[in-house]
Amino acid sequence: MKLFQIVCAVSVTLGLGACIPTQVKPVETDAQGAMQANDRTVQFHVSEAYYQNAPDCAIIKPIIGNGPTELTRFVEKSVARQLTGKVERVITPLRRDRLARKNGYDLSTPADFKSFARTQRCAYHVTIELQGSGDQYAVIWSDKHVGVKMELLKTRTDEVLWRGAHVARRGDGGVPLSPLSILANAAKAASFSADTGLVYSIANDAVRRILTTLPDIR
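In the numbering used here, the protein residues as written are -3 to 214.
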């Protein structure tokens, strides 16, 4: 019975959080753009300069890290795909990489990236930062999360026109109503935890929710 009570307490702590609806919240940020991806909240900020000179083209800048992974590649493609509905011309990761290789640009170098942007006649770019991904597993409850932060900048001056951040999360399992229900919830939680493909869908949720805050003023 004591084990049952402990498991119930853990599942309530993790599971009830999944029931809280996602909120969209405009926030003010400092000059360095201190905004962290936040669970259950989509944070964003749009500068006045964005409305004065909305971008007609944007380059998806490579995610900086310890080298490309399947998740970073997926997130870049997801941003490009969904940004197409807001910006007239988007230089996708595939096109970006092909052009950079062909012309010998190292896009991780600021000078090369700005030169690349000039040759493409594209004055804006989007940076993407993964602010953590992972999962929690507590016998009868499992959840996965992905945190994303994005910024839209004017490439020549590095002025930030818009930024947004969010942690998307999903879980499965439940609060057991009896000792017998522990088995059913444990099976669902284990199955959810073992599904490695879910992280891509969750990352896509984060990108989609963040980009809903980018005004479309074409």
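For each residue, glycine too, the CB sits at the ideal point set by N, CA and C. Values in this document were obtained by computation on a predicted structure and should not be read as measured data.
Which residue wins for smallest C-alpha separation from residue i, given the options the options?
| i | options | result |
| --- | --- | --- |
| Q116 | D93, I124 and E125 | D93 |
| V156 | P58, V42 and S197 | V42 |
| T105 | P89, I60 and V203 | I60 |
| Q127 | R85, A76, V203 and A45 | V203 |
| A36 | V71, G143 and E84 | As written in the sequence, residue 36 is Arg, which differs from the Ala given in the question. It is G143. |
| N215 | W158, D139, S74 and L79 | The structure shown does not extend to residue 215, since the chain is modelled only from -3 to 214, so the question has no answer here. |
| A119 | V86, R91 and L95 | V86 |
Between which two residues does the alpha helix (DSSP H) carrying residue i extend?
| i | result |
| --- | --- |
| K21 | Taken as a continuous stretch (DSSP letters only), K21 belongs to no alpha helix (DSSP H), being part of the beta strand (DSSP E) at Q19 to P22. |
| I198 | L194 to L207 |
CB-CB under 8 Å to residue i, same chain, minus the five flanking residues each way: which ones, in chain order?
| i | result |
| --- | --- |
| V38 | T18, Q19, V20, K21, G160, A161, H162, R205, I206, T208 and T209 |
| K110 | T151 and R152 |
| R69 | P89 |
Is the beta carbon of residue i within less than 7 Å of some heavy atom of the ligand GTP?
| i | result |
| --- | --- |
| N200 | Within the structure as shown, the ligand GTP is missing, as the structure has no ligands at all. |
Kindly list the residues whose CB is nearer than 7 Å to the CB of residue i, restricted to its own chain and excluding five residues on each side of it in sequence; keep chain order.
| i | result |
| --- | --- |
| D108 | Y101 and D102 |
| H121 | A54, I55, K57, A113, L149 and T151 |
| K82 | L207, L210 and D212 |
| Q78 | V203, R204 and L207 |
Please report the residue range of the beta strand (DSSP E) in which residue i lies.
| i | result |
| --- | --- |
| A54 | C53 to I56 |
| T65 | Looking at the DSSP string, T65 is not in any beta strand (DSSP E), and its letter there is neither H nor E. |
| T151 | First-last for T151: undefined, no H or E at that position. |
Cutting at 6 Å between CB atoms, please list the residues of its own chain near residue i, excluding the five before and the five after it.
| i | result |
| --- | --- |
| T88 | A76 |
| S197 | none |
| E147 | T123, V156 and R159 |
| E125 | K145 |
| A27 | At A27, the pLDDT of 44 sits below 50, so the modelled position is not reliable and the matter cannot be decided from this model. |
Practice item. Decide if the stretch 93 to 103 is in contact with the stretch 154 to 164; the criterion is three or more beta carbon pairs, one per stretch, under 8 Å apart. Key: With a cut-off of 8 Å on Cβ pairs, the stretch 93 to 103 is not in contact with the stretch 154 to 164, counting fewer than three such pairs.
**Study point:** Every unbroken alpha helix (DSSP H) within the stretch 79 to 137, with a cutoff of 4 residues, ordered by chain
**Key:** Correct list: 89 to 99 and 106 to 115.
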